[in-house]
Amino acid sequence: MNRFLLGIGWRMGGLVGSTWLAVWLYMVPGWPLAAGLAGLVQVWIVVNLYRYVTGLNRKFGRFLEAVRYADFTTTFRADQGLGPGFRTVNEQFNAVLDAFRQARAETETNLHYLNTIVQHVTVGLLSFDAQGRVELVNPTTLRLLGTYRLRQLSDLEADHPKLVQWLQSVSAGSTFVYQTDDDAAELSMRRTSVRLRGRLVTLVSLQNIRPELARKELEAWQNLTRVLRHEIMNSITPIVSLTGTMEQIIETDLAPGLPPDTTPAPVTDALADLRLALTTISRRGQGVMKFVDAYRHFTTLPPPRLTDVAVEPILNRVLQLVRANLPAKDAPRITLRPLPANLRIQADADQIEMVLLNLLRNAVESFSHWPDPAIWLDADTRSGYPVIRITDNGPGIDPAAIDKIFIPFFTTKSTGSGIGLSLSRQIMQQHGGQIVVESVVGQGSTFTLRFG
Numbered sequence: 005m006n007r008f009l010l011g012i013g014w015r016m017g018g019l020v021g022s023t024w025l026a027v028w029l030y031m032v033p034g035w036p037l038a039a040g041l042a043g044l045v046q047v048w049i050v051v052n053l054y055r056y057v058t059g060l061n062r063k064f065g066r067f068l069e070a071v072r073y074a075d076f077t078t079t080f081r082a083d084q085g086l087g088p089g090f091r092t093v094n095e096q097f098n099a100v101l102d103a104f105r106q107a108r109a110e111t112e113t114n115l116h117y118l119n120t121i122v123q124h125v126t127v128g129l130l131s132f133d134a135q136g137r138v139e140l141v142n143p144t145t146l147r148l149l150g151t152y153r154l155r156q157l158s159d160l161e162a163d164h165p166k167l168v169q170w171l172q173s174v175s176a177g178s179t180f181v182y183q184t185d186d187d188a189a190e191l192s193m194r195r196t197s198v199r200l201r202g203r204l205v206t207l208v209s210l211q212n213i214r215p216e217l218a219r220k221e222l223e224a225w226q227n228l229t230r231v232l233r234h235e236i237m238n239s240i241t242p243i244v245s246l247t248g249t250m251e252q253i254i255e256t257d258l259a260p261g262l263p264p265d266t267t268p269a270p271v272t273d274a275l276a277d278l279r280l281a282l283t284t285i286s287r288r289g290q291g292v293m294k295f296v297d298a299y300r301h302f303t304t305l306p307p308p309r310l311t312d313v314a315v316e317p318i319l320n321r322v323l324q325l326v327r328a329n330l331p332a333k334d335a336p337r338i339t340l341r342p343l344p345a346n347l348r349i350q351a352d353a354d355q356i357e358m359v360l361l362n363l364l365r366n367a368v369e370s371f372s373h374w375p376d377p378a379i380w381l382d383a384d385t386r387s388g389y390p391v392i393r394i395t396d397n398g399p400g401i402d403p404a405a406i407d408k409i410f411i412p413f414f415t416t417k418s419t420g421s422g423i424g425l426s427l428s429r430q431i432m433q434q435h436g437g438q439i440v441v442e443s444v445v446g447q448g449s450t451f452t453l454r455f456g
């Protein structure tokens, strides 16, 4: 039997009965108090009937309130026994709330997933509103800009005024290449604008393109060097071989056939000149072959075998080798400054030692008649990445040459091959790092190895 109809039935019966009883007691003399009690019972039945009939409306109100305030934990089961109609309504309400609950869970999952991507992607992301309030910034952006916190664009004005000016002035879709003041990164930046709930929000992407540019430049130089080496070797090798053959002909065929006493002086002099010319050609040809062969290391450098190594032992070994070969006169002071405890890098120790030896030898060779020469080595972390620095107080590097010192074949030394710094940069690039130079003429230079 439908309990809802049964509930209405007994309430209506109670209402009719209480009404009849109240009227009868009112008509009987001496029972006014009983008639009043019957009237109260009648009022109670009316109120109870009203609440019983309007319970569905209240349930619907609770349902709308749960949706409005996203309270999807609410369930409807209290009046399941009132009949199949009420069970159907409860099931539908619960199904709708469960759908909302699943949709919210999926939204939160997707939001968490996207946030994880934003936090771990290697491209910097930055968003801000029209007032310059930063709404989103990932760790890559903080690392590229050299800051640990960013809440307002104005926080960047001290270190990156040109960048702030570009962010605040250009239109959506524009691009910009920005070089940081410490020359650590060259950022390719692109911005776009979107409207979120009527608010204009700007999204900026930042990517350090310097490693890729350096890699492409290195590949170009390697290809050029490989081609030049191939062509020069193919041309010089037969010349050297033929020169050697001609020298043998002179020594074994021509010279023994000329009588020493009757040979005219002009012939003797010509033969001596020819022998000297061939010897010069052979010697210079072999020198060119050795010079070209030296660049084979530049184009065939093996990949590094990366391991977790401590920095201090590497620096100590390099210092020991350099100090053992210092000139006896006017040798520079080489000082290893205190290092952070347990500073480690992911590197091929042999290749990094090669880089450091080359930089230290260059520094030592730059002190030609220089007063009180000194070199300092130190290492620490910058923006969470290890760095090794070699600083000297020497003559510095000419501004016209500082942009060329990493180019193969370029050298400022009379006896240099122009391969050392090029090879050093290639090694650092294969380690996922870079080598940066800062120099002031007359005050000295600093070479920084950045890892990561």
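In the numbering used here, the protein residues as written are 5 to 456.
Think of the CB as a built atom: it goes at the ideal place given N, C-alpha and C, for glycine as much as any other residue.
Note that the structure is a prediction, hence the values are computed from the model and not measured.
Buried versus exposed, by CB contacts within 10 Å (16 or more), residue i
i, result
"Arg337", "exposed"
"Ile356", "buried"
"Leu280", "exposed"
"His435", "buried"
"Thr452", "buried"
"Ile349", "buried"
"Ser426", "buried"
"Ala189", "buried"
"Met193", "buried"
"Leu204", "exposed"
"Gly437", "buried"
"Ile392", "buried"
"Gln3", "Limits of the chain in this structure are 5 at one end and 456 at the other, which puts residue 3 out of reach."
"Pro331", "exposed"
"Val322", "buried"
"Asn212", "buried"
"Asn94", "buried"
"Thr256", "exposed"
"Val47", "exposed"
Beta-carbon spacing of residue i, residue j below 9 Å
i, j, result
"Ile394", "Leu363", "yes"
"His458", "Thr184", "Since the first residue shown for the chain is 5 and the last is 456, residue 458 is missing from the structure and cannot be characterised."
"Ile401", "Val359", "no"
"Asp334", "Pro377", "yes"
"Leu275", "Ile253", "no"
"Glu316", "Leu282", "no"
"Val198", "Phe132", "no"
"Leu210", "Gly150", "no"
"Trp380", "Thr415", "no"
"Val122", "Leu140", "yes"
"Gln433", "Arg219", "yes"
Residue closest to residue i, alpha-carbon to alpha-carbon, out of the options
i, options, result
"Pro399", "Trp380, Ser426, Ala367 and Gly424", "Ala367"
"Gln430", "Ala314, Arg454 and Met250", "Arg454"
"Ser286", "Glu255, Thr256 and Met250", "Met250"
"Gln135", "Ile392, Ser158, Arg147 and Leu118", "Ser158"
"Arg72", "Trp48, Glu95, Gln46 and Phe104", "Phe104"
"Arg341", "Phe371, Val322 and Ala383", "Ala383"
"Ser428", "Pro306, Phe410, Thr113 and Glu161", "Phe410"
"Ile423", "Ala404, Leu305 and Ala328", "Leu305"
"Gly289", "Thr241, Ala314 and Gly388", "Thr241"
"Met293", "Met237, Ala345 and Val168", "Met237"
"Arg386", "Gln433, Thr416, Gly456 and Glu161", "Gly456"
"Pro412", "Phe180, Leu319 and Glu223", "Glu223"
"Trp170", "Trp28, Arg155 and Arg195", "Arg195"
"Ala99", "Phe180, Thr79, His116 and Tyr117", "Thr79"
"Val181", "Tyr117, Leu191 and Leu160", "Leu191"
"Ser370", "Gly291, Ala314 and Thr450", "Thr450"
Whole-angstrom distance between residue j and residue i, CA atom to CA atom
i, j, result
"Pro375", "Asn397", "9 Å"
"Val326", "Val440", "22 Å"
"Arg309", "Asp354", "9 Å"
"Asn142", "Val125", "8 Å"
"Met5", "Ala70", "A caution first: Met5 carries a pLDDT of 40, below 50, which makes its placement in the model unreliable, though a value can still be read off. Their Cα atoms are separated by approximately 32 Å."
"Ser443", "Thr247", "47 Å"
"Pro307", "Ser372", "36 Å"
"Val138", "Asp352", "40 Å"
"Asp312", "Ile243", "49 Å"
"Gln447", "Ala404", "16 Å"
"Gly388", "Arg153", "14 Å"
"Val45", "Val20", "11 Å"
"Val50", "Thr77", "33 Å"
"Asn119", "Thr111", "12 Å"
"Thr23", "Pro33", "17 Å"
"Leu167", "Leu200", "24 Å"
"Gly17", "Leu68", "34 Å"
"Arg365", "Gly291", "24 Å"
One or two residues paired with residue i in a DSSP bridge
i, result
"Asp382", "Arg393"
"Phe180", "Met193"
"Ser449", "Asp396 and Ser443"
heavy atom of the ligand FAD below 8 Å from residue i C-beta
i, result
"Ile318", "In the structure shown, the ligand FAD is absent, as is every other ligand, since no ligand is present at all."
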